[in-house]
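Only one structure is covered here, and it is reproduced in the block below.
In the working numbering, the protein residues as written are 1 to 509.
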């Protein structure tokens, strides 16, 4: 064991010098700001998995060694796994209390790359969070909000204001004229020039977007070397719908030589979609997909795919078995569904779409990422309020990563692939786009930014359910963001503000 660790340390030392120019510490080295002593250190980027001591200096990992270290503060981490902090690319909560809920789940970076932010608001969106956030934050330039602004004249900054735009008539079904299409792309480009992490499109909600219009949007992102993050056309759908939707995005990506991310492809047809992704990855294409470990999704009740002619007529689904109202905590029959949609068209519901037995097959799936699609209650609640008092919502916002770890334990799955899904895969996909902020995260290596999570693999668990979806996870002993301790034994340090912007520099194509 000692010889193996020394060989791994020498290997990681070389990586550390390349990444940050900082060698491993040896006896007699100066004090570190933090010493994390005796943890099982797991780095999915290299496969390193051994007990070690980790020293942090400033916001960086400065040492990984089996030699004793001295620090100003020490964490006795024996029995804990030390892994890179989790990176959630699909988190619709953008307010401080939402970041607190994510932090309780081991998330150190939360980004909304499916819905995103209105393009000409991206710069201000980042500025508002600078120096005030518990965790790292990022956003895409929003296709849906650009369409609402141009086609309906209704503006919203991000998901926290989206109820206003989703009541508008044209953003979903309207076909843009040539001049309107140019205006939509101008707004999208405003976001890219401000550093947005690509373009996010809720295509499945917008049948008014034809194939030519989508290609133009994907080409715009490609011109900046950035990804399109997409809710596929006709998702949720059938085994054929889902595969055809993925083929459209992937064919465009190959033609453009562009990166692309398929959101929540854990739907019918997921095996074939995964085959497509892995085949293209093997040929050097930067395309991937994300999953969440739940059998149900969640969105606004007026989504086009819930209409009776599609939901029951084409897909053969029964409302009373598949549509759950988290507010009343009951399933809705068609009459109740239509009445609620008429009364409150942006009401959030939960939709069951896959067998629960499928979930375990998605964990550790190669070439994919773990992302919550978290949609907590979007009101601006006080940061310090009890999380358990938040209104009911889909449990994935509070439980995704803890549930994945619990299921891995219960089904005796290897932990390293799940940790890779939760962090490293995303970091490497964006590193390939030249994003420095993630090239330095998602790994436990000397010189990397110290976004780290320490958890007890035997006790970490989710508590959120469909009936009580805001119950926070437990079992996360320590979480560091940029070298600063922000969570200790499931308690968040509310005064901490180490969160950094995850964005590209302001640029031209």
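Every residue, glycine too, gets a C-beta built ideally from N, C-alpha and C.
Check, Outcome
"Residue nearest to residue 147 in terms of C-alpha spacing, selected from 160, 124, 138, 214", "214"
"Element boundaries [alpha helix (DSSP H), containing residue 416]", "415-419"
"Integer-rounded CB distance, given that residue 288 should sit under 8 Å from residue 440", "That pair is no contact at about 20 Å."
"For residue 495, three-class secondary structure by DSSP", "coil"
"Enclosing beta strand (DSSP E) for residue 110 [first to last residue]", "107-117"
"C-alpha distance - residue 467 paired with residue 232, whole-angstrom precision", "28 Å"
"Span separating the alpha-carbon of residue 512 from that of residue 113", "In the structure as shown, the chain starts at 1 and stops at 509, and residue 512 therefore has no counterpart that could be examined."
"For residue 156 and residue 229, believed in contact at Cβ under 8 Å, the rounded distance", "So it is not a contact: roughly 18 Å between Cβ atoms."
"Cβ separation of residue 208 and residue 175, assumed to be a contact under 8 Å, to the nearest whole Å", "5 Å"
"Minimum C-alpha distance to residue 355 - residue among 266, 160, 158, 473", "266"
"Stretch pair the stretch 475-486 + the stretch 458-465: three plus CB contacts closer than 8 Å", "yes"
"Validate contact between the stretch 380-400 and the stretch 96-114 using beta carbons, cut 8 Å, 3 pairs", "yes"
"Sequence-distant residues of the same chain with beta carbon closer than 7 Å to residue 184, five excluded per side", "146, 147, 150, 176"
"Residue 387 to residue 464 span [Cα, whole Å]", "11 Å"
"Contained alpha helix (DSSP H) runs [length at least 4] in the stretch 67-145, N- to C-terminal order", "96-103, 122-129"
"Distance between beta carbons of residue 385 and residue 513, contact taken as under 8 Å", "In the structure as shown, the chain starts at 1 and stops at 509, and residue 513 therefore has no counterpart that could be examined."
"Own chain, CB closer than 7 Å to residue 21, minus 5 neighbours either side, in chain order", "At residue 21 the pLDDT is 31, less than 50, meaning the model places this residue with poor confidence; the figure from the coordinates comes in the next sentence. If we look at residue 21 and ignore the five residues flanking it on each side, its Cβ neighbours are 447."
"Residue closest to residue 334, alpha-carbon to alpha-carbon, out of 322, 304, 344", "322"
"Close Cβ partners of residue 203 (< 7 Å) along its chain, the five nearest in sequence each way excluded", "209, 214, 230, 231, 232, 233"
"Identity of the residue in 81, 78, 57, 82 nearest residue 70 by Cα", "57"
"Pair within 8 Å by beta-carbon distance, residue 328 and residue 393", "no"
"Spatial distance of residue 317 from residue 351 (CA atoms)", "10 Å"
"Cβ-based neighbour list, residue 505, same chain, cut-off 7 Å, excluding 5 preceding and 5 following", "195"
"Endpoints, the alpha helix (DSSP H) within which residue 426 is located", "425-431"
"C-alpha gap between residue 443 and residue 372, whole angstroms", "20 Å"
"Under the three-state DSSP convention, the category residue 60 falls into", "strand"
"Beta-carbon proximity of residue 168 to residue 152, cut-off 8 Å", "yes"
"Residue 308, DSSP secondary structure in three states", "helix"
"Terminal residues of the alpha helix (DSSP H) in which residue 172 lies", "170-173"
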